[in-house]
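J.: These protein sequences, in sequence, are chains A and B.
Going by our numbering, 38 is the number at position 28 of the first sequence; the sequence numbering is gapless.
Going by our numbering, 49 is the number at position 45 of the second sequence; the sequence numbering is gapless.
Note that the Cβ used here is the ideal one computed from N, Cα and C, for glycine as well.
All values derive from a computational prediction rather than experimental measurement.
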Amino acid sequence: AQSVTQLGSHVSVSEGALVLLRCNYSSSVPPYLFWYVQYPNQGLQLLLKYTSAATLVKGINGFEAEFKKSETSFHLTKPSAHMSDAAEYFCAVKPGSQGNLIFGKGTKLSVKP
Amino acid sequence: NAGVTQTPKFRVLKTGQSMTLLCAQDMNHEYMYWYRQDPGMGLRLIHYSVGEGTTAKGEVPDGYNVSRLKKQNFLLGLESAAPSQTSVYFCASTGLAGAYNEQFFGPGTRLTVL
Numbered sequence: 011a012q013s014v015t016q017l018g019s020h021v022s023v024s025e026g027a028l029v030l031l032r033c034n035y036s037s038s039v040p041p042y043l044f045w046y047v048q049y050p051n052q053g054l055q056l057l058l059k060y061t062s063a064a065t066l067v068k069g070i071n072g073f074e075a076e077f078k079k080s081e082t083s084f085h086l087t088k089p090s091a092h093m094s095d096a097a098e099y100f101c102a103v104k105p106g107s108q109g110n111l112i113f114g115k116g117t118k119l120s121v122k123p
Numbered sequence: 005n006a007g008v009t010q011t012p013k014f015r016v017l018k019t020g021q022s023m024t025l026l027c028a029q030d031m032n033h034e035y036m037y038w039y040r041q042d043p044g045m046g047l048r049l050i051h052y053s054v055g056e057g058t059t060a061k062g063e064v065p066d067g068y069n070v071s072r073l074k075k076q077n078f079l080l081g082l083e084s085a086a087p088s089q090t091s092v093y094f095c096a097s098t099g100l101a102g103a104y105n106e107q108f109f110g111p112g113t114r115l116t117v118l
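#1: Classify D95 (chain A) as helix, strand or coil using the three-state DSSP reduction.
#2: Tell me whether N69 (chain B) sits in a helix, a strand or coil according to DSSP, three-state version.
#3: Report yes or no: is there a C-beta of chain B within less than 8 Å of the C-beta of L54 (chain A)?
#4: For the segment 92-115 of chain A, enumerate the residues whose C-beta is nearer than 7 Å to any C-beta of chain B, in chain order.
#5: Give the secondary structure of E74 (chain A) by DSSP, where H, G and I count as helix, E and B as strand, and everything else as coil.
#6: So L47 (chain B) packs on F94 (chain B), CB below 8 Å; how close in whole Å?
#7: What residues match up with C33 (chain A) in a beta bridge as DSSP calls it?
#8: Figure out for me which residue from A:Y99, A:A11, A:L58 has the closest Cα to the Cα of A75 (chain A).
#9: Based on Cα-Cα distance, which residue from A:A96, A:G53, A:K78, A:D95 lies nearest to A64 (chain A)?
#10: Residues of chain A with a CB under 8 Å from the CB of E83 (chain B): which are they?
Structure (structure tokens):
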């Protein structure tokens, strides 16, 4: 069965520091990968998605993710954290073009002033 | 466009009571989903629908029923609520089941069962 593992349920960084949120997937077929963000008391919104056009994917709010097939990873990064980045981030995989999304357990990002 | 809306936003039930959560989308999407979100568990799929009049079970369907009588609406029912159903419920929709098509989420319904 397909699965997604997010390492670290809680990550804390200082404002201006690098943000790195880890996501590893298991997939026997080419995966379709997504990162969603959830701000407090809101629904999820798409940050970025891997479309196979490029291994480095740029998303909204300065986030990007790199697809590494050899490592089965799709880690999310941002060079410089802002206070407004404090939220919960979910990695999700779609096992096949017609499948449903499978979500990781989420990583809550805190940003310290 | 309002996108995906959910009614109600909050609800408190007593064990054994029933209720229906309503999800509506104005994007003419074919696919609709109901998830529950619990701390440390991520989002888990309860039921989904691939079109008007169709429904299917997801990962955690027990204790829930759904209906999709109109394309724009997807209802989630709890016939006899249990404390284990205390959760935040999210509805989502997507236009096509294509590989790269994202799901659009509603704001959620926070349900407490006492």
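T.: With the given structure in hand:
#1: helix
#2: strand
#3: Output row for L54 (chain A): interface = yes.
#4: F100, K104, S107, Q108, N110, L111, F113, G114, K115
#5: In the structure shown, E74 (chain A) adopts extended strand secondary structure according to DSSP, grouped into three states.
#6: 7 Å
#7: Bridge pairing for C33 (chain A): absent [DSSP].
#8: Residue nearest to A75 (chain A) within the set A:Y99, A:A11, A:L58 is A:L58 (criterion: CA-CA distance).
#9: Nearest Cα to A64 (chain A) within the set A:A96, A:G53, A:K78, A:D95: A:K78.
#10: Going along chain A, no residue has its Cβ under 8 Å from E83 (chain B), so there is no contact; the nearest lies around 24 Å.
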